[in-house]
Amino acid sequence: MNRSFLRYAIVGLLGAAVHISILTILVEWAHLDPIVSSVAGFLVVLTLSYWLNVKWSFEHSQQSHRKAIFRYTLVSVMGLCLNTLIMFCLVNGLGMWYLFGQAIATLIVPIHNFLLNFYWTFKSR
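Residue 118 in numbering that gives the first Met the number 0 sits at position 119 of the sequence shown, and the numbers go up by one each step.
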């Protein structure tokens, strides 16, 4: 688990950087809503992180690609819902700056996703 977690964390850091970059570009340059922009960034990172995780973080997994991608997408959609809820509450509810709200969500959602992916999506048979 330690090696998978370290690799998952590296993929997560890359994903977070891509997510924050897309969020910032869409809010600051395209003048889109922070919640919509956060969802867009999350969806781009979904594809990137699946491939990196399946090929590197969880290479020991014997799950079929078909089953793994379904489960990974389901976990990620749950993470997206959690991310969106956190962003909505912090940005719209508390008036927090959108990047600070996203930073808090970025601390919470990856832990949720790793645990589900490790024990369910990519579990060894």
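The beta carbon of each residue, even a glycine, is placed where N, CA and C say it ideally should be.
Quantities reported herein were computed from a predicted structural model and do not represent experimental measurements.
I'd like to check one pair, residue j with residue i: are the Cβ atoms closer than 9 Å?
i: L42; j: G14; result: no
i: M86; j: N112; result: no
i: L73; j: I107; result: no
i: L25; j: V35; result: yes
i: W50; j: R6; result: no
i: L89; j: I68; result: no
i: S60; j: T120; result: yes
i: G40; j: S63; result: no
i: H18; j: T83; result: no
i: V38; j: L79; result: yes
Cutting at 6 Å between CB atoms, please list the residues of its own chain near residue i, excluding the five before and the five after it.
i: G11; result: P109
i: P33; result: V26, V90 and Y97
i: N116; result: V74
Could you please give the first and the last residue of the uninterrupted alpha helix (DSSP H) stretch that includes residue i?
i: G11; result: N1 to E27
Is the CB of residue i under 9 Å away from at least one CB in chain C?
i: W96; result: No chain C appears in the structure shown, which is made up of a single protein chain.
Within the region 44 to 107, ranges of the alpha helix (DSSP H) (whole runs, at least 4 residues): Within the region 44 to 107, the complete alpha helix (DSSP H) runs of at least 4 residues fall at 64 to 86.
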